[in-house]
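S.K.: Have a look at this one.
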Ligand code: NAP
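In the working numbering, the protein residues as written are 2 to 245.
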């Protein structure tokens, strides 16, 4: 189960292994996804029951949850469905970004709190919460927003001051530095997604001495977890060798 850079890379590595038949599952939210290096299915399964049926119908031997750290519903479903179907589950979860010297982070627990943390006074905000959650900004129309997303925000935000930037990572620090300067950004709003592809905005904010309002991950206790594509491949190798 994917929707992340790591899932795409992992699917490609597994597709090269003659012992493995891999199917990559996407939620189907992105209208124009990047080309995938393995066969793809798209759309929800229909909750835990639907996923259990899917795993059984396909005779699935291993389920890998390589969804985004903030996609908590599908991960919860995967955990439950794998247990019911008796299928080993490997969870690929990239490490969180960790505060570095010079970071001016305000950590919050959800996206609504991130917008409240901007305060009453108008600010120039770089908003990178993703297409599905950008609309929380409508609650604070006094700010000006620069919104970066892979696909257009639909419907557009209702705030009077907003610029949209369509772009897909990975992003470079030099480019994000130039972007923040060009738009006179004074605060960045982001999830603590982890990984390298979108870390550049965090590094750029640090270099410019501007604050970052960072949405923390929910604590979870999901099953056997790996932090990298290579670690997942090791788990898969083990399971194949043990014949599970
Ligand atoms: P979510 O709230 O955890 O999942 C909502 C529902 O979408 C799930 O219950 C499931 O429907 C379906 N779904 C999600 N991922 C799926 C997958 N890989 N394959 C098949 N069905 C899937 O997820 P979300 O936060 O909306 O994210 C949707 C997708 O975007 C995820 O695959 C995730 O990896 C990717 N993504 C999310 C974020 C983020 O910030 N949340 C950022 C980047 C990428 P059913 O219950 O019907 O099975």
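Idealized CB from N, CA, C, for every residue including glycine.
(1) Which residue's Cα is closest to the Cα of residue 231: 13, 4, 2?
(2) Do residue 154 and residue 135 count as a contact pair if the criterion is CB distance below 8 Å?
(3) Could you tell me the alpha carbon to alpha carbon distance between residue 89 and residue 73, rounded to whole angstroms?
(4) Quick check on the burial criterion: 16 or more other C-beta atoms within 10 angstroms. Buried or exposed for residue 66?
(5) Using the three-state DSSP reduction, which class does residue 179 fall into: helix, strand or coil?
(6) Does the distance from the CB of residue 30 to the CB of residue 70 come in under 8 Å?
(7) Should the segment 97 to 113 be called in touch with the segment 202 to 218, which here means at least 3 C-beta pairs below 8 Å?
(8) In the DSSP assignment, find the beta strand (DSSP E) that holds residue 36 and state where it starts and stops.
(9) Tell me the rounded alpha-carbon separation between residue 220 and residue 144.
(10) Within this structure, are the beta carbons of residue 8 and residue 38 separated by less than 8 Å?
(11) Which residues in the same chain as residue 171 place their Cβ atom closer than 7 Å to its Cβ, once the five residues preceding and following it in sequence are excluded?
(12) Taking the alpha carbon of residue 149 as the point to measure from, which residue in 213, 190, 123, 82 has its own alpha carbon closest?
(13) Classify residue 209 as helix, strand or coil using the three-state DSSP reduction.
(14) For residue 100, which residues in the same chain have their Cβ closer than 6 Å to its Cβ, ignoring the five residues on either side in sequence?
(15) Quick check on residue 217: does DSSP put it in helix, strand or coil?
(16) Which two residues bound the contiguous beta strand (DSSP E) that contains residue 92?
(17) Residue 114: beta carbon under 7 Å from a heavy atom of ligand 1?
M.R.: Concretely, from the data shown:
(1) Numbered from its first residue, the chain shown carries residue 231 at position 230. Per the Cα distances, 13.
(2) The residue given as residue 135 occupies position 134 in the chain shown. The residue given as residue 154 occupies position 153 in the chain shown. Yes, the pair counts as a contact, with Cβ atoms nearer than the cut-off.
(3) The residue you call residue 89 lines up with position 88 of the chain shown. The residue you call residue 73 lines up with position 72 of the chain shown. Straight-line Cα distance between these residues: approximately 19 Å.
(4) Counting from 1 along the chain shown, the entry for residue 66 is found at position 65. With 16 or more other Cβ atoms within 10 Å, it is buried.
(5) For the purposes of this step, residue 179 is taken as the residue at position 178 of the chain shown. Note: residue 179 maps to helix in three-state DSSP.
(6) By one-based count along the chain shown, residue 30 stands at place 29. By one-based count along the chain shown, residue 70 stands at place 69. Result no, Cβ atoms of residue 30 and residue 70 do not sit closer than 8 Å.
(7) yes
(8) Walking along the chain shown from the start, residue 36 turns up at place 35. Per DSSP, residue 36 belongs to no beta strand (DSSP E) and is neither H nor E.
(9) Within the chain shown, numbered from 1, the residue matching residue 220 stands at position 219. Within the chain shown, numbered from 1, the residue matching residue 144 stands at position 143. Their backbone Cα atoms lie some 30 Å apart in a straight line.
(10) The residue you call residue 8 lines up with position 7 of the chain shown. The residue you call residue 38 lines up with position 37 of the chain shown. Not a contact, by the Cβ cut-off of 8 Å.
(11) Within the chain shown, numbered from 1, the residue matching residue 171 stands at position 170. So the qualifying residues of the chain are 197, 198.
(12) Position 148 of the chain shown, counted from the start, is the residue given in the question as residue 149. Measuring from the Cα of residue 149, the nearest candidate turns out to be 190.
(13) Along the chain shown, read from residue 1 onward, the residue named residue 209 stands at position 208. Helix.
(14) Sequence index remark: in the chain shown, residue 100 carries index 99 (1-based). Taken in chain order, the residues that qualify are 106.
(15) Position 216 of the chain shown, counted from the first residue, corresponds to residue 217. Coil at residue 217, not helix or strand.
(16) By one-based count along the chain shown, residue 92 stands at place 91. Looking at the DSSP string, the run of the beta strand (DSSP E) that includes residue 92 is 90 to 93.
(17) Taking the first residue of the chain shown as position 1, residue 114 is located at position 113. Not so, every heavy atom of ligand 1 lies at least 7 Å from the Cβ.
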